[in-house]
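Heads up, the sequence shown is in my numbering, so the first residue is 6 and it goes up one at a time.
For glycine and all other residues, C-beta sits at the position ideal for the given N, C-alpha and C.
Step one of this worksheet: look at the structure below.
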Amino acid sequence: MAEEQKTPASGDAAKDEAAMAAEWAAAAEGGGGSPAAENKTLSQDEIDSLLGFGGGGAGSKTGIRALLDRALLSYERLPMLEVVFDRFVRTLSTSLRNFTSDNVDIVIDSITSMRFEDYMNSVELPCLLSIFQAVEWENYGLITINSSLTYSMVDVLLGGGRVNHPVKVEGRPFTTIEQDIVKSLATLMLDDMSSSFNPLTPITFRLERIETNPRFATITRPSNAVIVVTLKIDMEGKGGRADILIPYATLEPVKELLVQLFAGESFGDSSWEDFFFKEIRSMIVDIEAVWPEKAVTLKDIANLTVGSTIMLDNSPEDPILLRCKGIDMLSGKIGSVDSSVAVQVSEVINKVQEEDLV
């Protein structure tokens, strides 16, 4: 009897399992009307991926977040800035090899535009933030040295062991020695960055201070646009990442130079440049010797007759002006040479440089 009563129960269980299997199969085939599809709950990772907050770093955004930022972050590209930082990487590689007496490889990981607030929210802690001033541009920038690069520099400079994996220490603040080493590294980077900008425009980058808390490193408004250049620095298996952040407002004084595709390149036939230079130098222009002038009324001019005398408020020894196309070029004293009136130049008012002729 027990076996007879157990058989129907086993049959019902088999039917339930078959029904569940059919239901899951329908859901897998896209059957949105099934209860399993209607009650399906998204995981946190799926929600983050949908909204664009997935783990791809600050430079890779997807989903709704990407659509919003695409409309708001339509910043102008600066081709010459990439050329400047290519030069900077080559210069910095040599400087760091001399600084560490070790093999150093530096590559540009990315050059991206974003909001300042977005970058500060993506900074991995702990890190050291070096605030620097662009002296001639009267504005500021930021260099972020992550903890892995900081500890690697300490190991290399202070004789640590050769560990072929990134160094990471957590749970303690940076020591004074570590901060001083990062200060030296930041100063070295700023000097090389100044020299890299010099062929384009003279600029001096000066280190202001070091911060460990991003809240104290606010150099521009949260919604302002910034450019972030990410460098990967490798020292035989050790190293880390350094970010150079420059607000668009800081680059505004040299924006016209940075939007160029090329700078310092000479294209075309150079013989035409020489031809124009020679022709311009041989042009004949009129130069006028202007006697001292006096303002008079129209009535006085109407009353002038033959024999009238106009009194000037100058003495015969006062200098006269030599003008070219209405521009005062020289001044001198009047005299005579071989029965001809002459002017001896005593002062140059506007110096014409040869480079201004082309």
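If you drop the 5 nearest sequence neighbours on each side, which residues of the same chain put their C-beta closer than 8 Å to that of residue 201?
89, 90, 92, 93 and 96
Around the Cβ of residue 260, are there at least 16 other Cβ atoms within 10 angstroms (buried) or fewer (exposed)?
exposed
Check whether residue 159 and residue 116 have beta carbons under 8 Å apart
no
Do residue 255 and residue 145 have their CB atoms nearer than 8 Å?
yes
Quick one: is residue 136 buried, meaning 16 or more other Cβ sit within 10 Å of its Cβ, or exposed?
buried
Run through DSSP, which three-state label would residue 288 get?
coil
Does the beta-carbon distance from residue 121 to residue 258 come in below 8 Å?
no
Considering only residues of the same chain and omitting the five flanking positions on each side of residue 351, which have a CB-CB separation below 7 Å?
324, 336, 337 and 338
Would you call the stretch 140-156 and the stretch 206-218 in contact, with 3 or more CB pairs under 8 Å?
yes
Our contact map puts residue 149 next to residue 247 with C-beta atoms below 8 Å; I'd like the distance itself, whole angstroms only.
7 Å
Go to residue 350, then tell me how far its beta strand (DSSP E) extends in each direction, as first and last residue.
345-353
Alpha carbon to alpha carbon, how far is residue 276 from residue 282? Give it in angstroms, no decimals.
10 Å
Rounded straight-line distance, which links the Cα of residue 347 to that of residue 340
5 Å
Return the chain-ordered list of same chain residues with a C-beta closer than 7 Å to the C-beta of residue 162, the five sequence neighbours on each side being excluded.
105 and 186
As assigned by DSSP and simplified to three states, the class of residue 184
helix
Any heavy atom of the ligand SAH closer than 7 Å to the CB of residue 328?
Among the ligands in the structure shown, none appear at all, so the ligand SAH cannot be discussed.
Using the Cα positions of residue 311 and residue 344, report the straight-line distance between them to the nearest angstrom.
27 Å
Return the chain-ordered ranges of every beta strand (DSSP E) run that is complete within the stretch 207-262 and spans a minimum of 3 residues.
210-216, 230-240 and 243-252
Kindly indicate which three-state DSSP category residue 198 falls into: helix, strand or coil?
helix
Determine the extent of the alpha helix (DSSP H) in which residue 264 is found, giving its start and end residues.
No alpha helix (DSSP H) contains residue 264, which DSSP labels as neither H nor E.
Closest Cα partner of residue 151 within the set 289, 262, 286 and 249
249
Out of curiosity, what's the CA-to-CA distance linking residue 3 and residue 129?
Residue 3 is absent from the structure shown; the chain starts at 6 and stops at 363.
Any idea what DSSP makes of residue 123, helix, strand or coil?
helix
Since residue 179 and residue 217 are thought to touch, with beta carbons under 8 Å apart, how far apart are those beta carbons, to the nearest angstrom?
6 Å
Using DSSP with H/G/I as helix, E/B as strand and the rest coil, what is residue 104?
helix
Report the CB separation of residue 232 from residue 109 in whole angstroms; it is logged as a contact under 8 Å.
Between residue 109 and residue 232 the Cβ distance is about 24 Å, and since that is not below 8 Å, they are no contact.
DSSP three-state assignment for residue 303, whether helix, strand or coil
helix
Please tell me whether residue 235 and residue 252 are closer than 8 Å, where the distance is taken between their beta carbons.
no
My understanding is that residue 242 touches residue 154, with C-beta atoms under 8 Å, so please give their C-beta distance in whole angstroms.
With a Cβ gap of about 13 Å, residue 242 and residue 154 do not count as contacting.
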